[in-house]
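Numbering (the numbering used here), first residue to last: 5 to 469.
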Amino acid sequence: MPQKPKALDDTQSMAAWFGKELRNWRGVRGLSSNALGSKVHLSGASIVRIEKAERSCTAEVVAEMDKVLGAGGALCRLWCRVEEEIAERRDADKSKTAASGSASEMDGMGILVADPQSIPDGSLSAVERRAFFAVGGLAAVSPATFAHLISQRGTVPLPKTIRPEEIAQLWTASHQLAQWDNLYGGAGMVRRASTGLFAWATELLSVDCPDDRVKKDLFAAVGRLAIVMGASAFDAYEHHNAQGYLRIGTECAERANNWHLRAAALNWRARQAIWLGAPDEGLTYAESGLLRADRLTPRERAMLHNASARALAKMGRIKETLAAIGYSDDAVDKARPGQDAPWMAYYDEAQHHGDTGHALYDLTLIGGHAPQRASERLQTAIDKHTDAYVRSRALSGAKLASLTMATGDPREAAALGMRALDEVGRLNSRRAIDDIRALRRICAQRSRISEVAELRDRIRTTVGT
5 MPQKPKALDD TQSMAAWFGK ELRNWRGVRG LSSNALGSKV HLSGASIVRI
55 EKAERSCTAE VVAEMDKVLG AGGALCRLWC RVEEEIAERR DADKSKTAAS
105 GSASEMDGMG ILVADPQSIP DGSLSAVERR AFFAVGGLAA VSPATFAHLI
155 SQRGTVPLPK TIRPEEIAQL WTASHQLAQW DNLYGGAGMV RRASTGLFAW
205 ATELLSVDCP DDRVKKDLFA AVGRLAIVMG ASAFDAYEHH NAQGYLRIGT
255 ECAERANNWH LRAAALNWRA RQAIWLGAPD EGLTYAESGL LRADRLTPRE
305 RAMLHNASAR ALAKMGRIKE TLAAIGYSDD AVDKARPGQD APWMAYYDEA
355 QHHGDTGHAL YDLTLIGGHA PQRASERLQT AIDKHTDAYV RSRALSGAKL
405 ASLTMATGDP REAAALGMRA LDEVGRLNSR RAIDDIRALR RICAQRSRIS
455 EVAELRDRIR TTVGT
């Protein structure tokens with residue numbers, strides 16, 4: 005009779021929590037470790053070691069396991085926490101080394117400098133310990149160290165009535181988060197910083213407003229914050245959370261009767277659906293955004309036509325893709341300064357060429373379209389994106405390198421890939437990492453060329469396979 009597996013302790017680390025969840029999902033689906041391993045190209049023993057938090061793996065393998073087990077993204081979301089915990093511990097180790105020389109000066113200064121190892125393992129319950137891991141940011145120290153601080157969060161009273169000051173604060177927060185997201189990517193600091201803001205913002209919706217106009221302004225400000233957070237969560241591959249935020253953003257925009265904000269929300273919903281392999285759904289969102297195109301600015305119309313083009317390209321509908329790109333080009337030609345809301349400032353010449361270039365890239369690789377137009381537009385995007393939009397430049401760079409590797413000079417493609425990889429290394433963007441991994445796969449057929457082999461090796465060591 006087979007021996008029952010030893011129970012796993014999911015309170016020791018995020019990796020342990022992930023391992024237990026993986027075993028639970030495997031049990032639900034009735035798969036042995038060997039059966040799951042064979043589907044994701046690992047041995048059964050490796051699966052067991054991952055479950056016991058004795059072996060790490062890559063986000064790509066986690067995505068495969070999530071897909072095989074039908075976990076709906078749950079394992080991918082939890083793995084993001086594992087990676088964050090690893091990064092935080094690494095940073096904490098560096099800080100501890102740097103601070104060791106001055107530790108004696110800090111003697112007697114209380115709990116903030118207490119040795120984490122001095123707190124007994126049994127001082128917290130399993131539920132408490134897991135809660136601290138879920139909050140994140142505390143993995144490098146004992147959970148008890150900051151317990152008194154965490155227990156006090158959320159105690160700031162709400163205002164008795166909504167004033168213009170609260171609404172202005174929400175707009176400022178959204179603007180700052182969007183800047184960070186473009187500069188650093190959606191994972192890491194950006195995601196951590198935004199969650200408390202959103203809780204505060206949604207609580208404000210329950211506060212009395214002096215009139216309907218202020219109420220609409222509040223819904224618009226909360227909706228904008230939700231859209232920024234949805235885009236950030238999408239970039240971090242927290243897809244379920246992203247869908248929730250973007251749905252709330254759409255609903256808030258409609259409550260505010262703000263067609264411009266609604267267009268922004270539906271554009272992001274379209275982009276995410278397309279990324280997740282549902283281009284038909286993405287096309288529906290884009291077309292919904294264009295229902296009253298007369299109420300939108302030229303840039304907003306161009307933005308939504310681009311989303312349509314990218315969906316149509318994924319479906320291999322060449323003529324309709326080219327028509328959508330044409331509509332976008334015509335719309336952006338009509339754009340003038342001062343027409344748009346502040347959040348549309350990102351949609352400049354670089355963004356327009358990048359979005360249409362991505363659609364033409366898919367049309368080339370999927371539909372056999374000539375690569376020249378895609379290459380020209382992606383190169384324009386790379387040349388014109390400023391340092392404030394590093395992620396956009398990196399995404400276009402990775403696509404241009406992949407396109408050139410598939411259809412042109414592999415040595416030129418390798419040089420493009422090296423430059424794109426330099427920028428991806430500065431980001432916390434799961435989308436950018438996946439585009440670089442896709443480049444590595446395209447490189448496989450040209451790997452006998454030394455420059456290509458070097459690029460593949462560098463991608464493997466930088467972002468994994």
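Note that CB positions come from ideal geometry on N, CA and C, so glycine has one too.
- In this structure, the alpha-carbon of glycine 23 lies about 25 Å from that of arginine 441.
- Straight across, the Cα-Cα distance linking alanine 311 with glycine 361 is about 12 Å.
- Membership of aspartate 333 in the alpha helix (DSSP H) is indicated by the continuous run 322-337.
- Glycine 41 counts as buried, since no fewer than 16 other beta carbons sit within 10 angstroms of its beta carbon.
- Residue pairing from DSSP places aspartate 212 in a beta bridge opposite Thr165.
- Judged by their CB atoms, threonine 301 and aspartate 337 are not nearer to each other than the 8 Å cut-off.
- Around the beta-carbon of glycine 74, fewer than 16 other beta-carbon atoms lie within 10 Å, marking it exposed.
- Annotation for alanine 240: no alpha helix (DSSP H) segment contains it, and DSSP assigns it neither H nor E.
- For valine 32, the number of other beta carbons within 10 angstroms of its own is below 16, and it is reported as exposed.
- For tyrosine 351, the three-state secondary structure derived from DSSP is coil.
- The DSSP-derived three-state label of cysteine 61 is coil.
- Taking all protein chains shown into account, glutamate 58 has fewer than 16 neighbouring C-beta atoms within 10 Å of its C-beta and is therefore exposed.
- If you draw a straight line from the Cα of isoleucine 90 to the Cα of cysteine 213, it is about 44 Å long.
- By the Cβ-count criterion, serine 36 is exposed, with fewer than 16 other Cβ atoms from all chains shown falling within 10 Å of its own Cβ.
- Alanine 363 and lysine 388 do not touch by the CB rule: their CB atoms are close to 18 Å apart, not below 8 Å.
- For aspartate 426, the uninterrupted alpha helix (DSSP H) segment begins and ends at 414-428.
- A residue is called buried once 16 or more other Cβ atoms fall within 10 Å of its Cβ, and proline 375 is buried on that count.
- Going by C-alpha positions, glutamine 383 is about 41 Å away from methionine 18.
- Under the three-state reduction of DSSP, methionine 307 is assigned to helix.
- With fewer than three CB-CB distances shorter than 8 Å, the segment 281-301 does not count as touching the segment 232-245.
- The residue from Lys220, Ala268, Arg377 and Arg452 with its alpha-carbon nearest to that of alanine 230 is Ala268.
- Distance from the CA of glycine 253 to the CA of alanine 402, rounded to the nearest whole angstrom, comes to 30 Å.
- Around the C-beta of glycine 234, 16 or more other C-beta atoms lie within 10 Å, and the residue is accordingly described as buried.
- Spatial neighbours of alanine 306 in its own chain (CB-CB distance under 6 Å, excluding positions within 5 residues in sequence) are listed in chain order as Ser332, Ala335 and Val336.
- Between asparagine 271 and glycine 293 the beta-carbon gap is near 6 Å, inside 8 Å, which marks them as a contact.
- DSSP places glycine 401 inside the alpha helix (DSSP H), whose first and last residues are 394-411.
- Here the alpha carbon of tyrosine 249 sits roughly 20 Å from the alpha carbon of asparagine 432.
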